[in-house]
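Engineer: One structure is given below, represented as structure tokens, and several questions about it will come after.
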Amino acid sequence: MSASREADSAGHRLASGGPAPRVHGDRRGWTRGVLGLALVLPPLLVLAFLVILPAISAVVTTLTPAADAVPAAPLANYAEVLGTRILRTGIVFTVIVTLVAVAAVFCLSYPLALYLRFVRTRMAALLGVLFMVPLFVPVVIASFAMITFLVGHGLVSTVLYHLGIERFPRLVYNATGIVLTEVWVSIPFAVLILGAGLQAIDDALIDSARDVGAGPLRTFLAIILPLNAAPTMITLTLLFIAIFGSFTIPYLVGGNAPQMLGVTMTSYLTQYLRRTESATLAVIAFMIASVVGVVYVASVSRRERAAP
Amino acid sequence: MMTSRKPGIRAVCAALGLALIAFVIGAAGPGAAQSPITLNVYINGDTNIFDLWNKTLLPAFTKRYPQYRANFVPLLHGDGSQGVLDKILAAKQAHKPTDVDLWETDPTYVTQGAPNGLWVKLTTQLIPNLSRVPTDKLRATDYYSMPYRGSSVVIAYNTAFVKTPPKTLDDLLAWIKANPGKFTYCDPNTGGSGQAFMVAVVYKFAPMAQYTGGAPYDPAKEAAWDPAWQMLKSLEPAMYNNGFHPNGNVAVLQLLAQQNVYIAPVWSDMGTDYLKRGLLPKTVKLEQITPPLFGGDSTVTAPAGSTHLEGTFTLLNWLLTSEAQQMVITAVSGYPGVDWKYMPAGVRQQFADVAKPYAPLPDSKYFADMKRLWHERVAGGG
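Chains as they are written, first to last, in this note's numbering: chain E, 1 to 308; chain W, 1001 to 1382.
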């Protein structure tokens, strides 16, 4: 823990130029500046030409009404998309499924992260390895595994049946299936980020809280939760964006309707040959995701400011 | 000074130019003749078609003609076809060669590209075996593409549960309502077998001639589809699992195999193949209903901008040989591209129940709208 902080401050020293002689400092700084720019340029160009420019052209497309549109208003495409009932339902469905999945992942991951941080037993070490497994399973395989696990004659149904429960809601090819699969796939990621935040909390703080008589719940609420607020927000926002934009899981595990936006956009582009509607949906999805993105940026910058 | 300098520069340029030419010839000449030519083969289809090309046809072709290598480019369910067409068109407009040497695609893309001169018009001079293909099949795309296999969607029914199989579409619709939960078709976005059922119901209410064979596109004509959507919507409660449509042709076959459904539309080739491999119960039979579900020949097209046309023609000609046609039938149980008379009697017998006329596919824009409206009106429930 303290070692990593040392490494960090060493990095800061390096970045600020260190105690190099002033005379050569300028020239060195210039070379370093060029080198830095050269290193940054390739990803920057990729970002500009493969992400930003196409995104701008997509936004322009969506603001250009079709030639035969009766009200030639710039927002005609948006009005049409939002006026289509199945698309409206799709947007709401996507947001709800995402929120439920994020909440479920969070509720399952936080206790696991706490357990892995504060319990030092063989069992905890074993669990620490086990929970990582989904991270190494490709999403397609995970989806098919969940299907065989959850379908009519699958393991879950069989177990429920033997427990005497004969009537239960369908577990796959609907929102339930999407949420369950997203949760299974996302837990390791959430535990990793939450765990990293928990690692940064000084043991001394927890020990002293305990010394003055705080119970585990009090310690959690008064020390751990506030100190881990930024990583928590980052986990929530990253989870939201990842699940909101997912394609494979809703495509394979979801139902016919309503569908999540990733699947709908693909259908509009490749099946219905409606590029504009697809782009309009993409812009709407981007706007929803960017609201969450603002929260992410705010959390990250708060953490940066908080760092010494 | 100036005049004496110019020839000098020219000489240097000429020398450099010659050196460059010599270098290019040296690089492309003898060296290239020895290394095999790689043909980029773009294939639309489901995974069974990918296996057919990747594991059977292309290895056999490159073994027979070792001067060629094949680079296989799969386009699953035809995704990305518009992009391939755009790419070939862009190359043509830029007067550049295209890297697509052979493309298996839907007739709609062939028709779209034909006015721009994107394809080679196929003749028996270029491909001698073309004489074995019935001319009406070649005329369908104006000789711009060559059928090498065919299939149609048919009805698969399980004789253990269905004693008298429906013979007509109306019989089938009545059977579905009378036997709730025992029929389904795949989401039309995910497989042709589901599309065929949807299209058959649309054709029942709206004359198919208005939407097929290059009819002009007019969205207003789609109002005639309303009764079809109502009919399909009314079938939803009688579908397997209260209106669940699986993803893809294979998922439907699996439901048939698990005896979760007793009747379902399936591709003739996939159904025959599943029966042959024992993946469907022996009690499952295939039959075509009247009016028939759609089907078509899968055709391959030679882009005119390809730089390896000789190789493409060699491959096309080989595809029509008895050797290759036999592989198609063995591997995917397709109908042959060549006339049935060139196939052995045993093969003709095997396909007697299903090798009947089939309905045409709707034109691409109508087809795209049908799939969208199915989602809005049938699955989406609006």
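No residue lacks a Cβ here, since even glycine has one placed at the ideal position from N, Cα and C.
(1) Please confirm if Gly1278 (chain W) has its CB atom under 9 Å from at least one CB of chain E.
(2) Relative to the C-alpha of Tyr268 (chain E), which candidate in W:Met1370, W:Trp1229, W:Ser1193, W:Leu1122 has its C-alpha closest?
(3) Which chain E residues are close to Asn1189 (chain W), counting only those with a beta carbon under 8 Å from its beta carbon?
(4) Please go through the same chain and pick out, in chain order, the residues whose beta-carbon is closer than 6 Å to the beta-carbon of Val151 (chain E), but skip the five residues on each side of it.
(5) Pick helix, strand or coil for Asn1260 (chain W), following the three-state DSSP scheme.
(6) Buried or exposed: where does Pro250 (chain E) fall if 16 or more other Cβ atoms within 10 Å of its Cβ makes it buried?
(7) When Cβ atoms are compared, which residues of the stretch 70 to 97 of chain E fall closer than 8 Å to chain W?
(8) Using a Cβ cut-off of 9 Å (strictly closer), state whether Tyr251 (chain E) contacts chain W.
(9) In terms of alpha-carbon separation, which member of W:Asn1071, W:Lys1163, W:Lys1365 lies closest to Thr270 (chain E)?
(10) Name the chain E residues whose beta carbon is nearer than 8 Å to that of Glu1376 (chain W)?
(11) In the DSSP assignment, find the alpha helix (DSSP H) that holds Ser1234 (chain W) and state where it starts and stops.
(12) For Leu1286 (chain W), write down the residues that DSSP places opposite it in a beta bridge.
(13) Going by beta-carbon coordinates alone, are Lys1121 (chain W) and Val1100 (chain W) separated by less than 9 Å?
(14) Tell me Pro1336 (chain W)'s beta-bridge partners as DSSP assigns them.
(15) Let me see if you follow: with CB-CB separation under 9 Å, is Tyr173 (chain E) close to chain W or not?
(16) Which two residues bound the contiguous beta strand (DSSP E) that contains Asn256 (chain E)?
(17) Please classify Tyr1217 (chain W): does DSSP put it in a helix, a strand, or coil?
(18) What does the alpha-carbon distance come out to for the pair Phe1367 (chain W) and Val129 (chain E)?
(19) Tell me the rounded alpha-carbon separation between Met1146 (chain W) and Thr1301 (chain W).
(20) When the distance is taken between beta carbons, is Val1133 (chain W) closer than 9 Å to Val1338 (chain W)?
(21) With DSSP collapsed to three states, give me the class of Leu163 (chain E).
(22) Kindly indicate which residue of W:Arg1069, W:Thr1312, W:Gly1045 has the alpha-carbon position closest to the one of Ile1037 (chain W).
(23) Here's the rule I'm using: 16 or more other beta-carbon atoms within 10 Å means buried, otherwise exposed. How should Val51 (chain E) be labelled?
(24) Quick one, which of W:Ser1333, W:Leu1138, W:Pro1281 has its alpha-carbon nearest Ser1151 (chain W)'s?
(25) Below 8 Å on the Cβ atoms is my contact criterion, and I expect Leu194 (chain E) with Pro226 (chain E) to pass it. Report the Cβ-Cβ distance as a whole number of Å.
(26) Could you tell me whether the Cβ atoms of Ala1156 (chain W) and Val1084 (chain W) are closer together than 9 Å?
(27) Can you tell me where the beta strand (DSSP E) holding Pro1074 (chain W) begins and where it ends?
(28) Taking Cβ positions only, does Ala1379 (chain W) come closer than 9 Å to chain E?
(29) Under 8 Å between beta-carbons, which chain W residues line up against Ala257 (chain E)? List them in chain order, please.
(30) Is there a Cβ of chain E sitting closer than 9 Å to that of Phe1161 (chain W), yes or no?
(31) Closer than 9 Å, CB to CB, is Ser1364 (chain W) near chain E or not?
(32) Please classify Thr270 (chain E): does DSSP put it in a helix, a strand, or coil?
(33) Any contact of the stretch 1281 to 1297 of chain W with the stretch 1109 to 1116 of chain W, i.e. 3+ C-beta pairs under 8 Å?
(34) If you measure from the beta carbon of Arg1372 (chain W) to each beta carbon in chain E, is any gap under 9 Å?
(35) Let me know the secondary structure DSSP gives Ala1359 (chain W) once reduced to three states.
(36) Looking only at C-alpha atoms, which of E:Leu221, E:Cys107, E:Ile56, E:Gly29 sits nearest to Val183 (chain E)?
Structural biologist: From the atom records:
(1) no
(2) W:Met1370
(3) Ser267, Gln271
(4) Val172
(5) coil
(6) buried
(7) Thr84, Arg85, Ile86, Thr89
(8) yes
(9) W:Lys1365
(10) Thr84, Arg85, Ile86
(11) 1226 to 1235
(12) W:Ala1156
(13) no
(14) W:Arg1149
(15) yes
(16) Per DSSP, Asn256 (chain E) belongs to no beta strand (DSSP E) and is neither H nor E.
(17) coil
(18) 50 Å
(19) 6 Å
(20) yes
(21) coil
(22) W:Arg1069
(23) exposed
(24) W:Ser1333
(25) 14 Å between Cβ atoms; not a contact.
(26) no
(27) 1068 to 1076
(28) yes
(29) His1375, Ala1379, Gly1380, Gly1381
(30) no
(31) yes
(32) helix
(33) no
(34) yes
(35) strand
(36) E:Cys107
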